[in-house]
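Enquirer: Quick one: structure below, then a few questions.
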Amino acid sequence: QEMVLDHIDGEEFWTCTSCLPTEYVVTPRGGCKACPLEGVACDGASFTPKIAGAQWSAENSMMRLQACPAGYIVVRNPALPMLDACVMCPPGKFSVREASYPDTLAVEGAADAP
Numbered sequence: 003q004e005m006v007l008d009h010i011d012g013e014e015f016w017t018c019t020s021c022l023p024t025e026y027v028v029t030p031r032g033g034c035k036a037c038p039l040e041g042v043a044c045d046g047a048s049f050t051p052k053i054a055g056a057q058w059s060a061e062n063s064m065m066r067l068q069a070c071p072a073g074y075i076v077v078r079n080p081a082l083p084m085l086d087a088c089v090m091c092p093p094g095k096f097s098v099r100e101a102s103y104p105d106t107l108a109v110e111g112a113a114d115a116p
């Protein structure tokens, strides 16, 4: 749930509203954020990585991908957090170590806006 400042008869008060099933919330006053398109499940209340070993953390009231397990690279676009993703190495390629942002096996800005 997110907290919204409401007004009734000139009075201000905070109310809680539910996020949509395709959203999540990090902090109540941070508002609902769109769930990333790949690699996580959101239900309006929780944010659950689908790839075992993927590491996400809160940055500016939204979840950002920090690391992917061996066999994946990290893809992040600073302007489009909902496109953060662990992308599997192509056929015939493999990484034996974890990919982390911004250090190793990370691609920044690889995904263009739709």
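The opening residue of the sequence shown carries number 3 in my numbering; numbering runs sequentially from there. Positions of the beta carbon are idealized from the N, C-alpha and C atoms, including for glycine. Small disclaimer: the values here were computed from a predicted structure and weren't measured.
#1: Determine the direct distance from the alpha carbon of I75 to that of R99, and round the result to whole angstroms.
#2: Applying the criterion that 16 or more other CB atoms from any shown protein chain within 10 Å of the CB defines a buried residue, is P104 buried or exposed?
#3: Within 10 angstroms of its Cβ, does L67 collect 16 or more other Cβ (buried), or is it exposed?
#4: Please identify the residue among T50, K52, G46 and P38 whose C-alpha is closest to the C-alpha of P79.
#5: With a threshold of 8 Å, are at least 3 pairs of Cβ atoms found where one atom belongs to the stretch 91-98 and the other to the stretch 45-63?
#6: Buried or exposed: L22, going by 16 or more other Cβ atoms within 10 Å of its Cβ?
Expert: So, to answer that:
#1: Computed Cα separation, rounded: 10 Å.
#2: It counts as exposed.
#3: L67 is buried by the Cβ-count criterion.
#4: Looking at the sequence itself, residue 79 is Asn, so the reference to Pro does not match. Its Cα nearest to that of N79, the residue P38 stands out among T50, K52, G46 and P38.
#5: Too few Cβ pairs lie closer than 8 Å, so no.
#6: Exposure of L22 is indicated by the presence of fewer than 16 other C-beta atoms within 10 angstroms of its C-beta.
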